[in-house]
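Asks: Before I ask anything, let me first share the structure, which is written out below as structure tokens.
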Amino acid sequence: MYYYLHGTVTIHEKDSIVVECNGVGYEVLVSHPEDYNIGDTIRIYTAFYSREDEQYLIGFKTFEEKALYIKLISVKGVGPKSAMSILGGSSSSRVKEAIDSSDVVFLSHLPNIGPKTAKQIVLDLKGKLTYGTGVGSGDKNLDDAVIGLKNMGFRKEEIDEVMTKIPDRGLSTEDYLKKALILLSKRG
């Protein structure tokens with residue numbers, strides 16, 4: 625429904641922020657409200673959740689965090705609020721690493737996640753979290769940039785690492801390549 629919001633942070637709540645866009649304030653649930661300062665102009669990626677008795681927007685600082693959230697809610701026993709608890713309990717890169725390494729102990733220590741749910745998350749998602757930087761990300765220009773970097777001889781691990789550091793989406797292929805090459809050159 626809403627892919628992202630671009631506006632000014634006007635209010636902090638315990639689990640949410642309000643982003644004002646063209647005179648309308650949108651309450652957005654976020655995993656780390658303290659990361660957003662009142663008065664800052666931000667772009668926040670969103671997912672819309674609707675049930676019979678409630679509707680809300682959920683916000684993410686990066687596209688990768690949103691992609692991980694979408695994968696998490698596909699797991700049996702993990703709903704939107706549990707997925708937000710997972711993202712609030714650790715960084716998305718650490719959660720992804722725990723899933724890929726079958727670290728059930730780490731996952732079960734996250735808020736609202738027991739051992740059974742942690743095992744289910746690993747079972748359903750291990751090896752399936754290559755979002756955002758591989759061909760098939762849903763962003764043709766991003767996919768083309770990844771292919772270009774592979775053709776230049778960069779390894780998949782290098783490409784994945786730098787592409788997750790580019791928070792912008794919807795760029796041209798050339799802009800993705802420029803940003804990625806700058807980051808790759810700084811790795812030295």
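723 is the number that the working numbering gives to position 99 of the sequence shown; each next residue is one higher, with no gaps. Glycine is no exception: its CB is placed at the ideal position from the N, C-alpha and C atoms. In this text the structure is predicted, and so the values were computed from the model without any measurement.
#1: How should arginine 793 be labelled, buried or exposed, when 16 other C-beta atoms within 10 angstroms of its C-beta is the threshold for buried?
#2: For leucine 734, count neighbouring C-beta atoms within 10 Å of its own C-beta (all shown protein chains included) and say buried if the count is 16 or more, exposed if not.
#3: Taking the CB atoms as reference points, tell me whether glutamate 651 and threonine 632 lie closer together than 7 Å.
#4: Which two residues bound the contiguous alpha helix (DSSP H) that contains phenylalanine 730?
#5: If you reduce the DSSP assignment to three classes, tell me which class phenylalanine 778 lands in.
#6: So, alanine 769 versus valine 786, is the Cβ gap smaller than 7 Å?
#7: State the CB to CB distance for the pair leucine 681 and phenylalanine 672, rounded to an integer number of angstroms; the pair is presumed to be in contact (CB under 8 Å).
#8: Give the secondary structure of glycine 663 by DSSP, where H, G and I count as helix, E and B as strand, and everything else as coil.
#9: Determine contact between the region 656-667 and the region 695-705, defined as no fewer than three beta-carbon pairs at a distance below 8 Å.
Replies: In terms of the structure at hand:
#1: For the purposes of this step, residue 793 is taken as the residue at position 169 of the sequence shown. Looking at its Cβ environment, which holds 16 or more other Cβ atoms inside 10 Å, arginine 793 is buried.
#2: On the sequence shown, residue 734 is found 110 positions in, with the first residue counted as 1. Looking at its Cβ environment, which holds 16 or more other Cβ atoms inside 10 Å, leucine 734 is buried.
#3: Start at 1 with the first residue of the sequence shown, and residue 651 comes out as number 27. Start at 1 with the first residue of the sequence shown, and residue 632 comes out as number 8. No, the pair does not count as a contact, with Cβ atoms beyond the cut-off.
#4: Counting from one through the sequence shown, the residue named residue 730 turns up at place 106. Its alpha helix (DSSP H) spans residues 728-732.
#5: Residue mapping note: residue 778 aligns to position 154 of the sequence shown, counting from 1. Looking at phenylalanine 778 - three-state DSSP - the assignment turns out to be coil, as it is neither helix nor strand.
#6: To locate residue 769, count along the sequence shown from 1; it is residue 145. To locate residue 786, count along the sequence shown from 1; it is residue 162. No; because the gap between Cβ atoms is not below 7 Å, this pair is not in contact.
#7: Position 57 of the sequence shown holds residue 681. Position 48 of the sequence shown holds residue 672. With a Cβ gap of about 6 Å, leucine 681 and phenylalanine 672 count as contacting.
#8: Counted from its first residue, the sequence shown places residue 663 at position 39. Note: glycine 663 maps to coil in three-state DSSP.
#9: no
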